[in-house]
Amino acid sequence: MLEILWLAILLGLYIGVIPVYIGMLPIDRFRNLDPKWMTFLLCFTVGVLLFLLIDLGAEAMEEADGFIAAMQVADTATGSVPALDMAIFDLLGLSLAPHAGYAILIFGLTLGLLGLVYVDERIRVRVDTSSGEKLAWMIALAIGLHNMGEGLAVGITVSAGVTALANSLIVGFALHNLSEGIAIIGPLAKSGELPSIKRLLGLGALAGAPTILGAYIGLTWFANSLAIFFFAIAAGAVLYVVVEVLAGLRKDGTSLNAWSLHGGVLAGILVMYVTSLFVAL
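When you read off a place in the sequence shown, starting at 1, and then add 28, the result is the number in this note's numbering.
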């Protein structure tokens with residue numbers, strides 16, 4: 029068990045924590061950018077988040093469909109079904125069980141949205157609401173929930189012994205998270221803030237460390253219902269943060285121009301798409 033824990037920690041550090049910190053390194057340089065490029069950077073953050081939202085939604089839907097297949101396996105008593113999924117099947121019965129995946133998806137999505145509303149209110153008490161730091165913490169939390177799902181995927185492939193796929197996922201997710209580190213510092217750079225080293229370390233840990241938990245669960249105990257729940261919560265959290273960032277851009281309309289706005293969003297989506305190709309190799 030201790031060996032599995034250390035493996036999960038190493039996977040999480042390599043996939044999530046270290047790449048996020050590397051992506052956050054240019055914060056001091058970004059603070060001195062021209063206002064138009066500042067806007068571009070914040071819109072880049074929006075592009076990254078939009079890509080994550082679409083990716084998470086697709087993953088949650090795929091897992092929900094997979095949950096239906098798992099229920100069919102449970103019904104015929106053939107193959108292997110995770111204990112939690114079997115418990116849900118037994119609890120709901122034959123007629124309702126096939127719909128459980130989408131019910132979990134909706135519940136997780138709602139919980140992610142409402143959870144970020146609560147977190148937002150808590151942060152308002154501790155951080156100046158006019159600062160970019162509040163937004164940075166929310167982005168880090170949303171990315172952390174997303175990275176938990178990435179850790180889960182890697183943990184499952186490593187546990188299954190699919191070495192080639194596991195290596196591809198590790199490299200792909202590591203490159204992916206470099207862009208997420210940049211997304212976290214976007215609001216800080218635009219507001220001209222430079223938080224303490226302690227807070228920067230906290231932001232990186234919040235975004236990257238959940239990868240360790242996801243990897244551990246994937247290595248030791250996996251269920252389709254858990255995967256749906258994780259992805260749906262992350263999607264709800266990312267959706268809330270996207271709305272918050274766009275609302276902030278709307279308030280700051282004086283510094284916006286079409287090239288910075290659309291170019292930044294497209295650049296964020298494109299970078300995330302290109303790095304995601306390494307996951308598919």
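The beta-carbon is built from N, C-alpha and C at its ideal position, and this holds for glycine as well.
Alpha-carbon to alpha-carbon, residue j and residue i
{"i": "residue 142", "j": "residue 183", "result": "28 Å"}
{"i": "residue 73", "j": "residue 270", "result": "9 Å"}
{"i": "residue 21", "j": "residue 298", "result": "Residue 21 is absent from the structure shown; the chain starts at 29 and stops at 309."}
{"i": "residue 70", "j": "residue 219", "result": "10 Å"}
{"i": "residue 267", "j": "residue 85", "result": "10 Å"}
{"i": "residue 282", "j": "residue 92", "result": "Residue confidence is low: residue 282 scores 49 on pLDDT, short of 50, so the model does not pin down where it sits. Its coordinate-derived value is still stated next. In a straight line, the C-alpha of residue 282 is about 43 Å away from that of residue 92."}
{"i": "residue 49", "j": "residue 209", "result": "6 Å"}
{"i": "residue 117", "j": "residue 255", "result": "16 Å"}
Contact check, residue i vs residue j, beta carbons under 8 Å
{"i": "residue 194", "j": "residue 47", "result": "no"}
{"i": "residue 265", "j": "residue 180", "result": "no"}
{"i": "residue 250", "j": "residue 88", "result": "no"}
{"i": "residue 292", "j": "residue 67", "result": "yes"}
{"i": "residue 253", "j": "residue 134", "result": "no"}
{"i": "residue 119", "j": "residue 217", "result": "no"}
{"i": "residue 53", "j": "residue 247", "result": "no"}
{"i": "residue 239", "j": "residue 51", "result": "no"}
{"i": "residue 223", "j": "residue 161", "result": "yes"}
Same chain, Cβ closer than 8 Å to residue i, five either side skipped, listed in chain order
{"i": "residue 303", "result": "200, 203, 204, 206 and 207"}
7 Å Cβ shell around residue i - same chain, five flanking residues per side excluded
{"i": "residue 148", "result": "166"}
{"i": "residue 96", "result": "126 and 129"}
{"i": "residue 163", "result": "215, 272, 273 and 276"}
Residue i in three-state terms, based on DSSP
{"i": "residue 29", "result": "coil"}
{"i": "residue 95", "result": "helix"}
{"i": "residue 200", "result": "helix"}
{"i": "residue 224", "result": "coil"}
{"i": "residue 137", "result": "helix"}
{"i": "residue 105", "result": "For residue 105, the predicted model reports a pLDDT of 48, less than 50, meaning its position is unreliable; a value from the coordinates is still stated below. Residue 105 falls in the coil class under three-state DSSP."}
{"i": "residue 253", "result": "helix"}
{"i": "residue 120", "result": "helix"}
Own chain partners of residue i with C-beta closer than 6 Å, once the 5 adjacent residues on each side are dropped
{"i": "residue 39", "result": "182 and 243"}
{"i": "residue 145", "result": "none"}
{"i": "residue 170", "result": "265, 266 and 269"}
Integer-rounded CB distance, given that residue j should sit under 8 Å from residue i
{"i": "residue 25", "j": "residue 301", "result": "It is not possible to answer for residue 25, since the shown part of the chain is limited to 29 through 309."}
{"i": "residue 221", "j": "residue 159", "result": "6 Å"}
{"i": "residue 231", "j": "residue 212", "result": "6 Å"}
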